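Structure first, then comments.
Numbering (this note's numbering), first residue to last: 8 to 313.
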């Protein structure tokens with residue numbers, strides 16, 4: 008297991024380097040000086056030149072990239088042009104908000120998605136199946152910002168049950184968690200249903216039925232465990248994506264997390280901040296895939312033996 012983890016980490020290093028290179032090139036081929044854009048049209052040129060030199064923007068692009076890589080190796084993501092603060096500290100301040108939202112949304116997704124998928128598989132082609140799958144399809148198909156606005160209008164503005172936006176109290180996370188969780192739950196439910204129906208056709212399941220086991224015993228102790236493997240991969244990827252910043256949801260609900268930080272960086276053309284959020288996101292997604300592989304080995308002994 009340790010050897011497998013080390014190999015996956017080593018394979019992920021070129022991916023991370025590639026992401027760093029691509030995002031750096033993409034941001035630097037855009038014409039214009041980001042300092043000039045940030046300071047607007049009324050700033051004097053000598054002030055713009057002095058600040059550009061302070062941030063090293065007067066150097067050739069290849070030299071800037073080497074300096075940036077050297078700083079990365081020392082754990083330094085740079086300094087925000089707009090806020091004049093360390094990108095490390097900005098991400099550290101924003102991540103707890105994203106973490107709370109990601110955990111809440113993941114719990115909503117799993118609590119709704121997995122039972123809905125199991126019930127749909129057990130009651131295949133019945134009204135229960137169509138109801139759950141229709142609800143799941145609606146969650147997957149509806150744009151997140153549209154669902155967020157509807158939920159805000161009904162439950163926050165009209166009924167006043169929860170705050171409209173913000174992240175001051177735990178009640179503020181209820182609506183964004185449901186919005187994100189509903190979208191993810193639809194994917195989990197449909198994947199659980201399809202995998203469980205496939206497993207229920209296996210010979211060992213028929214043997215379990217022939218032994219006289221109850222429906223709950225066959226489903227939970229035999230079929231569900233094997234059907235869960237692809238679902239675990241999806242769950243790990245979803246959690247990694249949520250941790251990397253739910254951009255639209257955090258923006259609509261005014262949650263100062265990683266996603267909103269990235270939006271502000273794009274708006275202000277704050278390259279160090281945007282690069283830092285992208286690199287942080289990439290690391291989280293790589294870690295999510297690694298955790299999924301480890302869980303695979305824990306759940307399925309056949310994979311562990313290989």
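The beta carbon of each residue, even a glycine, is placed where N, CA and C say it ideally should be. Being a predicted model, the structure only gives us computed values, none of them experimental.
- Contact annotation: residue 101 and residue 224 have beta-carbon atoms that are not nearer than 9 Å.
- One thing to note: residue 94 has its Cβ no nearer than 9 Å to the Cβ of residue 293.
- In the structure shown, the three-state DSSP call for residue 93 is strand.
- Inter-segment contact for the segment 179-196 and the segment 105-114 is present: three or more beta-carbon pairs are separated by less than 8 Å.
- DSSP places residue 254 within a helical segment (H, G or I) once states are collapsed to three.
- Taken through DSSP and simplified to helix, strand or coil, residue 169 comes out as coil.
- Rounded to the nearest whole angstrom, the CA to CA distance from residue 118 to residue 61 is 51 Å.
- Approximately 4 Å separates the beta-carbon atoms of residue 269 and residue 284; this is inside 8 Å, confirming the contact.
- Restricting attention to 128, 272, 288, the CA atom closest to the CA of residue 92 is found in 272.
- Between residue 138 and residue 67, the alpha-carbon positions lie close to 60 Å from each other.
- Beta-bridge annotation (DSSP): residue 86 is paired with 93.
- Looking at 287, 275, 240, the one whose alpha-carbon comes closest to that of residue 304 is 240.
- Taking a C-beta distance under 9 Å as the contact criterion, residue 231 and residue 203 qualify as a contact pair.
- In this structure, the beta-carbon distance from residue 84 to residue 98 falls below 9 Å.
- No residue range can be given for residue 275, since it is assigned to no alpha helix (DSSP H) and is classified by DSSP as neither H nor E.
- Short of 8 Å from the beta carbon of residue 31, and not among the five residues preceding or following it, lie these beta carbons of its own chain, in chain order: 72, 75, 282.
- In the three-state scheme derived from DSSP, where H, G and I count as helix and E and B as strand, residue 241 is classed as helix.
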